[in-house]
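Peer 1: Have a look at this one before I ask anything.
In this note's numbering, the protein residues as written are 20 to 247.
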């Protein structure tokens, strides 16, 4: 116990020293963070919690309905957090975002479900350094106790970023580009596909289609936010 208190104290002292030369700013409002705050200030965290509620969208995949749940609306604060997480080399934000998801979706993240990440093409993965969907899966696995099965889905070819395409072109952009690993044990299992943001749902729909086509018993979707 004493050793732990010393470690915590040392960490706070080190953080205070760093703040003298490089102030840590809230991602949401850019105010300087207190020593005990991480990523966002208490005010912005309260905004997130007030905006947090389970919402549902139904994605039609062939003859099946896939339930997609999200916990945040795509407010400017949420948009900034996700942009920093995905594009600004802040993989540590996976912890905060996963905790927000888990707090609202505990009832979904139970049983024999297996967490699966939306795949990223190897070239894009090298460029970014990490797959944000995979980081979310790992954090949610630790919080919930569910298994995470990495590299089940594979992105075979680079595609034009979905955000740049009109709605009607998004499914066509992905068709045939996502497949599953040949030796992946999919048949008869229940999967939860995890991602950061859902817009039209085209990427998540294609992931679900591939899993179902390879024998998955059931597929659902869990994302942080919806931008529609």
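Glycine included, each C-beta is placed from N, C-alpha and C at the ideal position.
Could you tell me if residue 35 is buried or exposed, where buried requires 16 or more neighbouring beta carbons within 10 angstroms of its beta carbon?
Peer 2: In this prediction, residue 35 has a pLDDT of 46, which is less than 50 and means its spatial position is unreliable; what the coordinates show is noted afterwards. Per the 10 Å Cβ criterion, exposed.
Peer 1: Using C-beta distances below 8 Å, list every residue in its chain close to residue 77, excluding the 5 sequence neighbours before and after it, in chain order.
Peer 2: The residues are 84, 85, 86, 87.
Peer 1: According to the Cβ coordinates, are residue 140 and residue 174 closer than 8 Å?
Peer 2: For residue 140 and residue 174, yes; Cβs fall inside 8 Å.
Peer 1: To the nearest angstrom, report how far apart residue 74 and residue 240 are at their CA atoms.
Peer 2: So the alpha carbons of these two residues sit roughly 12 Å apart.
Peer 1: Report yes or no: do the stretch 94-104 and the stretch 126-138 share at least 3 C-beta pairs separated by less than 8 Å?
Peer 2: At 8 Å Cβ cutoff, the stretches do not touch.
Peer 1: Kindly indicate which three-state DSSP category residue 102 falls into: helix, strand or coil?
Peer 2: Three-state result, residue 102: helix.
Peer 1: Output the boundary residues of the alpha helix (DSSP H) element that contains residue 172.
Peer 2: Looking at the DSSP string, residue 172 is not in any alpha helix (DSSP H); the run it does join, the beta strand (DSSP E), is 172-174.
Peer 1: For residue 237, tell me which candidate among 244, 220, 210, 217 has the shortest Cα-Cα distance.
Peer 2: That would be 210, whose Cα lies nearest to the Cα of residue 237.
Peer 1: Is it the case that the stretch 212-230 contacts the stretch 195-203, given that we only count it when at least three CB pairs across the two stretches are under 8 Å?
Peer 2: Result yes; three or more Cβ-Cβ pairs closer than 8 Å.
Peer 1: For residue 203, tell me which candidate among 217, 214, 216, 235 has the shortest Cα-Cα distance.
Peer 2: Minimum Cα distance to residue 203 is reached at 235.
Peer 1: Which same chain residues, not among the five before or five after residue 116, have their C-beta less than 6 Å away from its C-beta?
Peer 2: Correct list, in chain order: 243.
Peer 1: Secondary structure at residue 56, three-state DSSP: helix, strand or coil?
Peer 2: In the structure shown, residue 56 sits in coil (DSSP, three-state: anything other than H, G, I, E or B).
Peer 1: Which residues does DSSP pair with residue 197 in a beta bridge?
Peer 2: Answer is 174.
Peer 1: Applying the 10 Å Cβ sphere with the 16-neighbour rule, what's the burial state of residue 214?
Peer 2: Buried.
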